[in-house]
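Enquirer:
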Amino acid sequence: MITPRPQVLRGLLARYAEACARVLEADTAARRRALQDIAYTLCVITGTCEVEDALAAADRLLADRPREASGDQTRQTLVA
Numbered sequence: 006m007i008t009p010r011p012q013v014l015r016g017l018l019a020r021y022a023e024a025c026a027r028v029l030e031a032d033t034a035a036r037r038r039a040l041q042d043i044a045y046t047l048c049v050i051t052g053t054c055e056v057e058d059a060l061a062a063a064d065r066l067l068a069d070r071p072r073e074a075s076g077d078q079t080r081q082t083l084v085a
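Reading the sequence shown from the start, the letters are residues 6 to 85 in the numbering used here.
Here's what the structure looks like:
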């Protein structure tokens with residue numbers, strides 16, 4: 006199995022959490038669809054069929070590869 010990069014997993018987990026919060030804030034068809042899309046992507050990238058299994062798999066994968074002090078952090082910059 007191909008192992009996803011930790012920063013990709015972290016990004017997907019953050020997007021999933023945000024999508025969950027948006028659905029709780031206002032449960033619309035568009036927001037539910039966005040949540041389902043992220044859940045599907047998490048399932049595909051972790052090789053699972055259920056979002057609960059995908060979340061657990063992502064946690065295990067991230068626990069197996071702890072964040073390195075300098076090399077594994079997502080860096081964002083602003084361009085003026």
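C-beta: ideal position from N, C-alpha, C; glycine also.
Compare the C-alpha of Glu-23 against each of Leu-40, Ala-68 and Leu-60 and name the closest.
Expert: When only C-alpha atoms are compared, the closest one is Leu-40.
Enquirer: With contact counted as at least three CB pairs below 8 Å, one residue from each stretch, are the region 63 to 71 and the region 24 to 38 in contact?
Expert: Too few Cβ pairs lie closer than 8 Å, so no.
Enquirer: In three-state DSSP terms, what is Thr-46?
Expert: Thr-46: helix per DSSP, three-state reduction.
Enquirer: Which of helix, strand or coil does DSSP assign to Ala-63?
Expert: It is helical.
Enquirer: Using a Cβ-Cβ cut-off of 8 Å (strictly less than) and excluding sequence neighbours within five positions of Ile-43, which residues of its own chain qualify?
Expert: Correct list, in chain order: Leu-17, Arg-20, Tyr-21 and Ala-24.
Enquirer: Excluding the five sequence neighbours on either side, which residues of its own chain have a C-beta within less than 7 Å of the C-beta of Ala-63, listed in chain order?
Expert: Taken in chain order, the residues that qualify are Leu-14, Leu-18, Leu-47 and Thr-51.
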